């Protein structure tokens, strides 16, 4: 078998080298593009949210009442300026909360609605508050204009034939009570609720469920 001449080897070597460089450049550019796309995806702002509707029971007060919360809450960081804090807070949020309570003894359903102003999450858990804007005639009228707190435990996707692992909590009834002497209280009354304040989610969901989408609180925006 004849050997290729040095001239031919040189030409082939040059072509191979050029092809190798081209391939390397293609791979490098492709990798860089993929890396940039991934970086852009990672850098895309994630927003926390709590959505869903569910009925729940009170472990300490078994009855035939039907209680439910519906949440459509979404983080909107640094969107609510405050006096002395014009940038707002990383927990600023928007959305709606709906409360429903069927009182079996009366055969009536009381409802209320509110606008979300704060939301903070962890993996599978959330705490949010809403300022109540509307209450049905049979409901607690003093709720209008008040901030109420709610919490959610997202126990994961419910399996067929299994009870939901979701839970909820809220800032009234068994919690947030002023005791004798607290701020001059002479009987158990509820205290004011600050943004994102609620109890641990202790009440088990009996029907329906919630989805908590966790996102880290974003950094304070640069001036």
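Residue numbers (the working numbering): 317 to 539.
Glycine included, each C-beta is placed from N, C-alpha and C at the ideal position.
Quantities reported herein were computed from a predicted structural model and do not represent experimental measurements.
message = Run through the DSSP bridge pairs and tell me what residue 517 is partnered with.
response = Its beta-bridge partners do not exist; DSSP assigns none.
message = Could you compute how far the alpha carbon of residue 432 sits from the alpha carbon of residue 480?
response = Linking residue 432 to residue 480 through their CA atoms gives a straight-line distance of about 25 Å.
query = Smallest Cα separation from residue 429: which of 411, 467, 374?
reply = Here the closest residue by C-alpha is 411.
task = Name, in chain order, the residues that DSSP records as bridge partners for residue 371.
result = 384, 523
inquiry  = In the DSSP output, what is residue 418 paired with across the bridge?
reply    = The bridge partners DSSP lists for residue 418 are 382, 425.
key: Euclidean distance between Cα positions of residue 406 and residue 523   = 32 Å
ask   = Going by DSSP, which residues form a beta bridge with residue 444?
value = Beta-bridge analysis with DSSP links residue 444 to 435, 466.
inquiry  = Count Cβ pairs between the region 503 to 517 and the region 455 to 467 that sit closer than 8 Å; are there 3 or more?
reply    = yes
key: Three-state secondary structure assigned by DSSP to residue 338   = Because the pLDDT of residue 338 is 43, which lies under 50, any placement of that residue in the model is unreliable, and the number read from its coordinates should be weighed accordingly. Note: residue 338 maps to helix in three-state DSSP.
Reduced DSSP category for residue 454 - H, G, I as helix; E, B as strand; rest coil = coil
message = Could you check whether residue 364 and residue 391 sit closer than 8 Å to each other, using their CB atoms as the reference points?
response = yes
message = Taking the alpha carbon of residue 438 as the reference point, which residue from 539, 532, 538, 449 has its own alpha carbon closest?
response = 532
request  = Classify residue 444 as buried or exposed, calling it buried when 16 or more other Cβ atoms lie within 10 Å of its own Cβ.
outcome  = buried
inquiry  = So, under 8 Å CB-CB, residue 474 and residue 525 are touching, yes? Tell me the CB distance rounded to an integer number of Å.
reply    = 6 Å
task = Compare the C-alpha of residue 416 against each of 529, 539, 371 and name the closest.
result = 371
ask   = What's the C-alpha gap between residue 458 and residue 538?
value = 40 Å
ask   = What do you reckon, are the CB atoms on residue 483 and residue 521 nearer than 8 Å?
value = yes
ask   = What number of angstroms, rounded off, separates the C-alpha of residue 447 from the C-alpha of residue 418?
value = For residue 447 and residue 418, the distance between alpha carbons rounds to 22 Å.
ask   = Whose CA, out of 424, 476, 490, 398, lies closest to the CA of residue 375?
value = 490
request  = Report buried or exposed for residue 487, applying the criterion of at least 16 other Cβ atoms within 10 angstroms of its Cβ.
outcome  = buried
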